[in-house]
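Under numbering that gives the first Met the number 0, the first residue of the sequence shown carries the number 0, and numbering increases by one thereafter.
Report on the structure given below.
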Amino acid sequence: MPDRSQEKRPRLVKDKRFGITNRLKIATWNVQGLGQKQQKVDKELKKKNIDIAFITETKKKLCKWHKRFRQLRNDLQRSRFNNKSTMQNSNIDRQLLEKQNSKL
Numbered sequence: 000m001p002d003r004s005q006e007k008r009p010r011l012v013k014d015k016r017f018g019i020t021n022r023l024k025i026a027t028w029n030v031q032g033l034g035q036k037q038q039k040v041d042k043e044l045k046k047k048n049i050d051i052a053f054i055t056e057t058k059k060k061l062c063k064w065h066k067r068f069r070q071l072r073n074d075l076q077r078s079r080f081n082n083k084s085t086m087q088n089s090n091i092d093r094q095l096l097e098k099q100n101s102k103l
């Protein structure tokens, strides 16, 4: 495996309007039933500074998350057991994300 420690990484560009960099941290996590794990999940997302999280198998209709996150989608209506929840860091402007995604 090549040593990439000396490679130049792209320079971070900070957008002063939103207070974020041009890199997003995205995570997926199969929690196998959120239940009492909600605080643990929130703590890990905060610790890792996650911007967007895809949480699967929550088995809950609605989740009250920490103020840092907005729940964008909850698929429990479709399946009772394989619920997926998508959360976005509240500091990220949704229009900014949509604009970035359209460039991909």
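By construction, the Cβ of each residue, glycine as well, lies at the ideal position given by its N, Cα and C atoms.
- Of all alpha-carbon atoms in Lys47, Lys42, Glu43, Gln31, the one lying nearest the alpha-carbon of lysine 24 is that of Lys47.
- Within its own chain, the residues whose Cβ lies closer than 8 Å to the Cβ of valine 30, once the five positions on either side in sequence are excluded, are Lys36, Val40, Ile54, Thr55, Glu56, Thr57, listed in chain order.
- For asparagine 29, the uninterrupted beta strand (DSSP E) run begins and ends at 25-29, by DSSP.
- Judged by DSSP secondary structure, glutamine 35 falls outside any alpha helix (DSSP H); it is assigned neither H nor E.
- Under the DSSP assignment, threonine 57 falls outside any beta strand (DSSP E); it carries neither an H nor an E label.
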